[in-house]
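Working notes, beginning with the structure itself.
Protein chains: 2
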Amino acid sequence: MSIKVAEYLFTRLRQLGVGSIFGVPGDYNLHLLDFVQPSDLAWVGNCNELNAAYAADGYARVNGLSALITTFGVGELSAINGITGAYTEKAPIIHIVGTPARGLQETRSLIHHTLADGEYGRFADMVSHVTVAQVDLKDPRLVPDQIDHALRQALIHSRPVYLQVPVDMVDIFIDASNLTSPISVPSAPATGHEPSILQRILERIYAAQRPLILIDGESRFMGIVGHIDTLVKTSTWPTWTTVFGKSIVNEQYPNVYGIYSGSLGDPLWKDYFDSADLILNLGPHNTSTNSSNFTVLPDPGVTITFSSNYIQIGSDIYRDIVPSNFLSQLLQTLEINRISKINGPAKSVIKASSLNPCDLITQKHFYRTVNPLFRDGDVILTETGTAAHGGRNFVLPQNARIFGPVTWLSIGYMLPATLGAALAQREQTTSKDTRAFLFIGDGSLQMSVQEISTIIRENLNVIIFVINNNGYTIERAIHGRKQAYNDIASWTHNLALRFFGASESHAEQNSFVARTWGELDAILRDERVRNGSGVRMIEVFMGKEDVQGALLQLMEQQVANE
Amino acid sequence: MSIKVAEYLFTRLRQLGVGSIFGVPGDYNLHLLDFVQPSDLAWVGNCNELNAAYAADGYARVNGLSALITTFGVGELSAINGITGAYTEKAPIIHIVGTPARGLQETRSLIHHTLADGEYGRFADMVSHVTVAQVDLKDPRLVPDQIDHALRQALIHSRPVYLQVPVDMVDIFIDASNLTSPISVPSAPATGHEPSILQRILERIYAAQRPLILIDGESRFMGIVGHIDTLVKTSTWPTWTTVFGKSIVNEQYPNVYGIYSGSLGDPLWKDYFDSADLILNLGPHNTSTNSSNFTVLPDPGVTITFSSNYIQIGSDIYRDIVPSNFLSQLLQTLEINRISKINGPAKSVIKASSLNPCDLITQKHFYRTVNPLFRDGDVILTETGTAAHGGRNFVLPQNARIFGPVTWLSIGYMLPATLGAALAQREQTTSKDTRAFLFIGDGSLQMSVQEISTIIRENLNVIIFVINNNGYTIERAIHGRKQAYNDIASWTHNLALRFFGASESHAEQNSFVARTWGELDAILRDERVRNGSGVRMIEVFMGKEDVQGALLQLMEQQVANE
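Taken in sequence, the protein lines are chains U and P.
1 is the number of the first residue of the first sequence in UniProt numbering; add one for each residue after it.
1 is the number of the first residue of the second sequence in UniProt numbering; add one for each residue after it.
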């Protein structure tokens with residue numbers, strides 16, 4: 001049986017659970033786009049390609065896989081920063097690029113969207129740094145295996161791959177027989193060392209008197225989220241996460257504390273960490289931002305690490321063990337009555353000091369004030385900057401999902417990622433009232449603001465808090481506290497919904513501004529915010545130099561040096 | 001004498017005529033930004049890095065050189081599509097990237113804005129495809145020569161270069177002695193063949209009975225714009241341009257016809273071209289878009305080509321001759337009384353058929369209707385799409401400058417490029433009433449719309465015509481005439497000025513909407529449009545499938561195939 005190239009590709013994407021494709025039309029991908037809707041996939045046309053890549057990243061993190069279509073040169077290069085972020089933080093995006101017809105490439109024709117030098121391989125070369133597979137679909141005999149190879153690599157590594165589809169290949173017939181076998185991720189056979197390692201780990205677990213569990217973000221790609229839930233629930237051991245690991249485990253469990261911040265956080269927590277005799281570290285992603293600048297990395301002497309490609313006990317590293325299989329065995333073997341019952345340190349109590357309704361809103365109390373808005377299943381995105389620093393301390397309901405800045409930290413990412421995450425979330429449930437929250441500073445907002453229009457067009461339920469502090473306050477904390485280069489143009493944010501295409505009545509009813517606690521309180525009680533639908537935007541004014549946590553330390557350092 | 005690295009770099013930029021720097025602050029460039037204003041350079045903070053690169057490109061084309069500052073990874077990769085366009089169409093941008101401190105790089109630290117793999121060289125590798133020099137300023141002994149080398153390469157090739165400045169190098173002292181010698185572009189000595197080539201060319205010129213001059217865009221970088229003016233004025237020979245060459249020569253000269261479009265244009269012009277016995281082809285850039293898909297490239301048998309690196313007579317190619325020197329000699333030697341006086345074909349007369357004020361605005365008559373608005377010295381930008389196709393036929397006043405799509409054709413480019421071009425234009429004159437016009441479709445506008453706010457903040461005089469045809473009409477002409485993927489979200493364009501920060505009164509007074517000829521006529525007579533200041537926005541509604549010229553051909557082909 002035979003099938004057209006585009007149909008094969010899109011059938012594979014459907015098989016892998018992709019429901020929508022992001023992107024921007026362009027001369028070299030229009031024929032490809034003809035096949036999107038007939039393949040039972042939704043097309044989400046974005047305002048530009050960087051935003052499309054960011055959206056695809058957000059969708060991949062919630063859905064497990066996403067797809068992006070851009071055009072040769074101009075389109076794909078606009079997307080490359082988004083692809084790089086997805087590579088760094090492991091969001092598998094299938095990036096499909098429509099390219100010029102094979103004949104034009106072979107004759108090195110000086111057509112538009114090239115560098116006018118006859119070289120057609122430059123963009124694939126550039127992107128090879130930030131994708132785990134690159135295939136160019138030019139030979140019908142090879143196409144099925146090329147596509148399958150690329151998709152398998154994306155799944156194995158949980159990272160982006162790159163497929164070039166010449167415009168004259170789109171409707172060429174290829175062999176369809178692969179399609180009857182689903183794409184599978186190969187599994188390694190047991191190494192034979194598992195029983196002895198298991199024994200070693202169990203002994204450590206049974207002996208531990210001050211144990212803790214530290215959950216990091218790579219757990220998600222290791223297929224061990226369910227195992228973690230069981231481990232945390234049954235052991236009842238004190239559990240912390242990193243930024244990347246936050247929301248992998250249910251924060252409503254009494255033994256889950258939230259993000260561990262070392263000396264910036266609760267001193268009792270730090271005492272417990274520093275005196276721990278066993279740290280079970282799952283899915284580590286040891287970058288500066290994700291580890292309070294490397295200060296909270298667990299002591300290797302007391303740590304057992306479960307990484308995607310090794311298990312480490314002290315200084316011994318065991319490779320080629322499948323983490324999910326191993327953890328299944330561990331949980332089956334573990335005799336729960338042999339482990340210590342631990343009362344971890346007290347949970348930090350957020351002081352419910354009452355706020356004067358006439359006082360201006362401050363970073364310090366803002367996040368705990370909005371926290372009660374969240375409910376089960378919400379997706380919450382906190383953009384790099386003061387929003388993310390505040391969002392670290394959110395206490396999440398069960399099944400909520402939070403996005404925080406992990407390593408790439410490209411400002412502008414979170415708004416289009418909200419589009420992608422909210423869409424994936426809606427596709428995964430039958431419920432109509434899925435919701436997403438975005439917390440974003442006014443500087444980050446300017447980067448990718450137009451994607452609000454796609455959120456409106458897709459009719460998603462999204463509540464956007466814009467923190468208006470007149471510029472890049474995170475940068476003010478780092479350097480240039482009073483410098484003009486950290487200021488930005490002042491926008492009339494409460495016109496955003498109407499400008500970007502919401503109906504006049506919706507925009508008027510759902511655009512809010514708050515400067516004081518009283519104003520914020522009224523908004524948070526408002527039925528349109530609590531139980532409304534569509535996009536709602538709440539502009540919240542805060543001070544230019546108002547920062548908390550690690551940023552406050554930096555700001556104070558700077559003031560001291562002045 | 002010694003000087004800090006940042007001071008050296010910025011002093012060099014000042015010496016080369018750069019007045020403003022574009023970019024976005026980021027953790028790794030803040031220290032560098034501290035030196036911008038003290039170096040007597042203006043800082044233009046853009047909304048995002050792609051827009052900043054586009055703006056730098058527009059500035060470079062008017063000013064001759066520009067500078068862009070971004071941060072490592074996230075910033076520079078967002079800009080890379082803009083850099084690639086500048087590389088393709090020869091706009092020299094000095095792209096300065098603030099990078100992590102040397103110690104972090106040497107220890108392969110897993111810090112934010114990296115791929116978390118310890119590799120710090122990936123982005124430089126990627127950008128090496130689209131820049132003519134890459135330098136990493138890590139050794140104080142080498143820095144002055146590294147900077148000078150990069151700047152010289154930018155000037156020689158008229159293309160972008162890439163400089164990495166680690167944050168701990170910014171205020172390191174280096175030797176300042178180079179600064180007393182200006183950066184110079186080396187000149188090749190005469191080859192010795194010049195007199196015989198000159199003789200050959202003069203004979204052809206004296207013999208020509210149906211000669212013409214064809215001016216293309218690379219002339220600008222060859223330093224021969226003045227020579228072209230003399231040649232066109234004194235010979236009075238029929239003269240055409242390409243899209244890239246338009247506005248290099250004064251279109252008010254009686255012998256200058258405008259853009260040559262072959263079979264799509266005036267048949268009399270085509271007859272003249274086809275029967276020409278001599279074509280002087282200056283600064284060729286032979287790409288598809290710039291040559292009506294290669295259909296208007298001059299016949300080599302009758303052509304003498306002056307390119308940046310060779311002169312070609314028939315099939316004979318002479319290299320290593322400096323075009324500006326050679327053309328100076330040619331013009332000095334040329335005996336004007338020995339050349340044929342030519343009456344070229346009649347100029348196409350735009351029929352001034354009167355338009356019914358109640359009729360809807362159409363592409364066919366729109367451009368000639370707005371054309372009388374232009375005056376000496378205006379800069380006019382026509383975005384890829386219907387706007388550019390219409391703008392081909394503008395008749396420009398003297399000293400006007402037009403931007404049209406040449407080869408890279410990245411939609412979204414022209415709006416930030418308007419910022420850059422208008423700023424460069426204002427810096428170059430003492431007059432306060434410099435102006436720029438932007439013609440842009442609603443689809444392109446969505447790509448980079450936020451940069452309107454920077455134009456407002458910089459208080460530039462810019463008139464924006466937004467052609468609202470509900471989507472990507474150029475794509476509709478190419479493929480997918482009725483497909484939903486060519487539609488876009490509908491925006492409330494007349495709120496743009498207010499949303500992006502213009503004062504309420506300015507926004508209200510300067511936002512216009514026209515659907516009919518009568519409405520357009522009233523707007524074009526309006527004193528705020530004719531002689532106002534600041535940003536004015538005119539939304540003009542046109543049909544979704546309303547196209548002209550080459551696009552009309554494509555659309556008709558598609559209809560015929562349906």
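For each residue, glycine too, the CB sits at the ideal point set by N, CA and C.
- Check whether the Cβ of P:TYR162 lies closer than 8 Å to any Cβ atom in chain U. no
- Task: Give the DSSP bridge partners of P:ILE215, in chain order.
- Result: P:THR241 and P:LEU282
- Message: Quick check on this structure: which residue in U:THR289, U:GLY314 and U:VAL256 has the alpha carbon closest to the alpha carbon of U:ASP277?
- Response: U:GLY314
- Task: Just the chain U side, please: which residues come within less than 8 Å of P:MET537 by C-beta, in chain order?
- Result: Within chain U, no residue comes near P:MET537; the closest Cβ sits about 12 Å away, beyond 8 Å.
- Report the three-state DSSP secondary structure of U:PHE374 (helix, strand or coil). coil
- Beta-carbon separation of U:ILE94 and U:ALA53 under 8 Å? no
- Item | Interfacial residues, the region 40–53 of chain P to chain U, with Cβ spacing under 7 Å | TRP43, GLY45, CYS47, ASN48 and LEU50
- Message: Contact between the region 161–168 of chain P and the region 195–207 of chain P is defined here as three or more beta-carbon pairs at a separation below 8 Å; is this criterion met?
- Response: no
- Item | Residue from U:TYR272, U:LYS270, U:VAL243 and U:ASN250 with nearest C-alpha to U:THR287 | Taking U:THR287 as reference, the option from U:TYR272, U:LYS270, U:VAL243 and U:ASN250 with the minimal CA-CA separation is U:VAL243.
- Message: So, with DSSP's three-state summary, where would you put U:PHE294?
- Response: coil
- By Cβ distance, which residues of its chain are closer than 6 Å to P:THR99, with the 5 residues on each side in sequence left out? TYR28, PHE72, GLN164 and PRO166
- In terms of residues, what are the limits of the alpha helix (DSSP H) holding U:THR418? 414–428
- Message: Quick check on this structure: which residue in P:SER261, P:ILE111, P:PRO38 and P:LEU151 has the alpha carbon closest to the alpha carbon of P:ILE96?
- Response: P:LEU151
- Query: Could you give the distance in angstroms between the alpha-carbon of U:ALA91 and the alpha-carbon of U:SER158?
  - Reply: 6 Å
- With 7 Å as the limit, tell me which residues of the region 74–96 of chain P have their beta carbon closer than that to any beta carbon of chain U; keep them in chain order. VAL74, LEU77, SER78, ILE80, ASN81, THR84, TYR87 and THR88
- Message: Three Cβ pairs or more, each shorter than 8 Å: is that satisfied between the region 507–515 of chain P and the region 534–553 of chain P?
- Response: yes
- Query: In chain order, which beta strand (DSSP E) runs of at least 3 residues are fully inside the region 128–192 of chain U?
  - Reply: Counting whole runs of 3 or more residues, the region 128–192 of chain U contains the beta strand (DSSP E) stretches 134–136, 161–166 and 173–175.
- Query: Among P:GLU335, P:ASP378, P:ILE336 and P:LEU327, which residue has its Cα nearest to the Cα of P:VAL62?
  - Reply: Residue P:ASP378 is the option with its Cα nearest to P:VAL62.
- State the Cα-Cα distance for the pair P:GLU203 and P:ALA422, rounded to the nearest angstrom. 44 Å
- If the cut is a Cβ gap below 8 Å, which residues of chain P does U:GLN446 touch? CYS47, ASN48, GLN450 and SER453
- In DSSP terms, what P:HIS95 is bridged to: P:LEU68 and P:TYR162
- Tell me where the beta strand (DSSP E) around P:ALA436 begins and ends. Run containing P:ALA436: 436–441, per the beta strand (DSSP E) assignment.
- Helix, strand or coil at U:GLY75 according to DSSP, with G and I counted as helix: helix
- Query: Looking at the C-beta of U:GLU508, does it have a partner C-beta in chain P at a distance below 8 Å?
  - Reply: Chain P contact via Cβ: absent.
- Query: At a Cβ threshold of 8 Å, is U:ARG435 touching chain P?
  - Reply: So no, U:ARG435 is outside the interface.
- Query: Since P:ARG233 is in the alpha helix (DSSP H), which residue starts that stretch and which ends it?
  - Reply: A quick correction: the sequence has Lys, not Arg, at residue 233 of chain P. Here the alpha helix (DSSP H) through P:LYS233 covers 225–235.
- Kindly indicate which residue of P:GLY471, P:ARG210 and P:VAL462 has the alpha-carbon position closest to the one of residue 586 of chain P. The displayed coordinates of chain P run from 1 to 562. Any statement about residue 586 of chain P would go beyond what the structure contains.
- Identify every residue that forms a DSSP beta bridge with P:PHE326. Per DSSP, none; premise fails for P:PHE326.
- Inter-residue Cα distance where the pair is U:ILE488 and U:HIS389: Cα-Cα distance, rounded: 21 Å.
- Task: Flag this pair as touching only if the region 140–150 of chain U and the region 114–123 of chain U have three or more C-beta atom pairs under 8 Å; answer yes or no.
- Result: no
- Which one of U:ILE248, U:GLY549, U:SER533 and U:ALA502 has the shortest CA to CA distance from U:ARG392? Out of U:ILE248, U:GLY549, U:SER533 and U:ALA502, U:GLY549 has the C-alpha closest to the C-alpha of U:ARG392.
- Item | Reference P:ASP34, options U:ARG481, U:ASN561, U:ASN470 and U:LEU495, closest by Cα | Comparing Cα positions, the closest option is U:ARG481.
- Please list the partners that P:ASN286 has in chain B, where partner means a Cβ-to-Cβ separation under 9 Å. Protein chains U and P are contained in the structure displayed, whereas chain B is not.
- Sheet register partners of P:ALA514 (DSSP bridge): P:VAL540
- Item | Limits of the alpha helix (DSSP H) - the one that P:ARG392 falls within | First-last for P:ARG392: undefined, no H or E at that position.
- Under 8 Å between C-beta atoms, does U:HIS31 make it to chain P? yes
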